[in-house]
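Chains as they are written, first to last, in the working numbering: chain U, 1 to 111; chain R, 1001 to 1146.
We put the beta carbon where it would ideally sit given N, CA and C, even for glycine.
What follows is one structure encoded as structure tokens, with my remarks underneath.
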Ligand SMILES: Nc1ncnc2c1ncn2[C@@H]1O[C@H](COP(=O)(O)OP(=O)(O)OP(=O)(O)O)[C@@H](O)[C@H]1O
Ligand SMILES: [Mg+2]
């Protein structure tokens, strides 16, 4: 499934536009621990987290993730938005919590 | 510079600087891409650099990262001035962390950084002296299997 389609199906908010809306999603990983994401997320995964600070951008850039999905409608730091721009990392957001959005994404066929 | 080195560069990393944390690794990754190394080599090198860089940011005062590419491998050596590691065996254990409450809130402190380096590098070494600093070195082979 392409990133744009997942965004629409799951009602995700686009925070900074898409770096690549046609990116084919390879999977998803939910975690708030950065080194855990480094270890277990894979290229072109979406990463579901409640972390919103600047350091999430480097993780997504290095791991070549398709997008970061911020849960609970958390406000995103200005620094994070700027860094996301620089590194071309797509930020998406949802009012759902990690459990709920993970289930929804799973239902969309991403396992 | 080593005779067979095709490329080498040094970077400085500052302890406690969470704003610029990770930028050296992102730069190295970009560099490796420009040089045209294989994607999975670049990926693994970037992960190792990131974890080592973050440990300097979290635990040390400052560090120099020396980075060399030869026909055989990528070699990275990070020497920091800092508290050193008392028990290296313990530090290498997955889940062991001395991260502060504030770092943990940011999602650091899973105790997976050093294991991540070990799992992604082909050679990995740590030397440390208490109250002096730590030297982390790792190599990633350009040819052959990981
Ligand atoms: N450069 C360093 N100087 C001093 N102590 C270090 C250094 N690097 C690691 N350590 C010690 O080793 C421990 C384990 O490091 P490791 O990178 O595996 O996990 P972490 O940094 O605590 O958490 P994570 O990397 O998952 O965010 C650290 O908590 C710290 O006590
Ligand atoms: Mg670490």
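Any non-hydrogen atom of ligand 2 within 6 Å of residue i CB
i                       : result
residue 1055 of chain R : yes
Check whether residue i and residue j have beta carbons under 7 Å apart
i                       : j                       : result
residue 101 of chain U  : residue 48 of chain U   : yes
residue 1072 of chain R : residue 1116 of chain R : no
residue 1022 of chain R : residue 32 of chain U   : no
residue 1008 of chain R : residue 1068 of chain R : yes
residue 1122 of chain R : residue 1143 of chain R : no
residue 1032 of chain R : residue 1042 of chain R : yes
Three-state secondary structure assigned by DSSP to residue i
i                       : result
residue 99 of chain U   : helix
residue 1004 of chain R : coil
residue 1122 of chain R : coil
residue 1043 of chain R : helix
residue 91 of chain U   : strand
residue 1017 of chain R : coil
residue 48 of chain U   : strand
residue 61 of chain U   : helix
residue 1028 of chain R : helix
Residue i beta carbon near ligand 1 (any heavy atom closer than 6 Å)
i                       : result
residue 1106 of chain R : no
residue 1050 of chain R : no
residue 1111 of chain R : yes
residue 1013 of chain R : no
residue 1060 of chain R : yes
residue 35 of chain U   : yes
residue 1097 of chain R : yes
residue 54 of chain U   : no
residue 1045 of chain R : no
CB-CB length for residue i against residue j, believed under 8 Å
i                       : j                       : result
residue 81 of chain U   : residue 22 of chain U   : Incorrect: roughly 23 Å between the Cβ atoms, too far for contact.
residue 1029 of chain R : residue 62 of chain U   : 6 Å
residue 1132 of chain R : residue 1074 of chain R : Not a contact, Cβ separation roughly 26 Å.
residue 1062 of chain R : residue 1113 of chain R : About 18 Å separates the two Cβ atoms, so there is no contact after all.
Near ligand 4: residue i beta-carbon under 6 Å from a heavy atom
i                       : result
residue 1085 of chain R : Among the ligands in the structure shown, ligand 4 does not appear; only ligand 1 and ligand 2 can be found there.
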